[in-house]
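Residue numbers (the UniProt record's numbering): 1 to 296.
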């Protein structure tokens, strides 16, 4: 009982009863980086999610530490392998604390569900969201309807070469799934590609939004990266987050920066589905083994 009480007090101090983080964070510079003009998202949502991710991160560090010397994350370019994607984690280093698994924007509801799944129900008492451990990916609310083409639009500031990569990435998913796409700047629930800060996407369909952004920023101009971010928008997490991943690979936590450990935790059958597909080591959704989450 005493331990539970401490958790609640910590939660209240970090987020507060109105879900607004305490500590005087100046929203102006970061809001410019994270929220594109006309976005259906808000910076208040980003602050809520950041605090939840910070809480998950601290708990995972304590869980994994086991008396070992704490490692500090280093964003250091290392020799690349033959992967076609650039190092997304390095590109996103200035906004990494706001992202889940390095390049995923969560909604508050998704973040609360993730926290509850990882033992943070006390913090979720401050949420106006559904208090159940709602599935993040397996909830049909976040799926796209194969019978309805997914609308997408390209920001006018995107270069013609990046626009071409986006069209190719869209075509890849259309060719390899039962989904279809249509360019439509006014369509409901449209994917809106723009040159933002870094390479990132929301996870799954945001059904209550008119549009959801996919940032294809500086350094993200490769077909692998663009296709990867579209995959997140379609509802796919990183392949190594599959709940059955231990049957296929081993994560060496001793070689991961302590403040990045939570990015390597497995999902559960309640929050992830891979549609009974075999593990694909060459998947466009698989982490590059040389990502800068790795400790030097």
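Ideal Cβ placement from N, Cα and C applies to all residues, glycine included.
Which of the three DSSP states is assigned to residue i in this structure?
i, result
"residue 74", "Summary for residue 74: the model assigns pLDDT 38, below 50, so the residue's position carries little reliability, and this model does not support an answer."
"residue 43", "helix"
"residue 278", "coil"
"residue 191", "strand"
"residue 234", "helix"
"residue 215", "strand"
"residue 285", "coil"
"residue 256", "strand"
"residue 264", "helix"
"residue 186", "coil"
"residue 242", "coil"
"residue 228", "helix"
"residue 273", "coil"
"residue 35", "coil"
"residue 49", "helix"
List the endpoints of the continuous alpha helix (DSSP H) containing residue i.
i, result
"residue 172", "160 to 176"
"residue 110", "108 to 117"
"residue 90", "88 to 91"
Tell me whether the beta-carbon of residue i lies closer than 7 angstroms to the beta-carbon of residue j.
i, j, result
"residue 214", "residue 236", "no"
"residue 209", "residue 99", "no"
"residue 37", "residue 211", "no"
"residue 104", "residue 228", "no"
"residue 204", "residue 142", "yes"
"residue 206", "residue 157", "no"
"residue 184", "residue 151", "yes"
"residue 162", "residue 216", "yes"
"residue 91", "residue 219", "yes"
"residue 47", "residue 197", "no"
"residue 182", "residue 147", "no"
"residue 173", "residue 230", "yes"
"residue 43", "residue 52", "no"
"residue 165", "residue 226", "yes"
"residue 278", "residue 243", "no"
"residue 223", "residue 168", "yes"
"residue 239", "residue 286", "yes"
"residue 115", "residue 56", "yes"
Tell me, which residues are paired with residue i by DSSP?
i, result
"residue 105", "202"
"residue 153", "192"
"residue 100", "104"
Just curious, the beta strand (DSSP E) that residue i is in, first and last residue?
i, result
"residue 183", "181 to 183"
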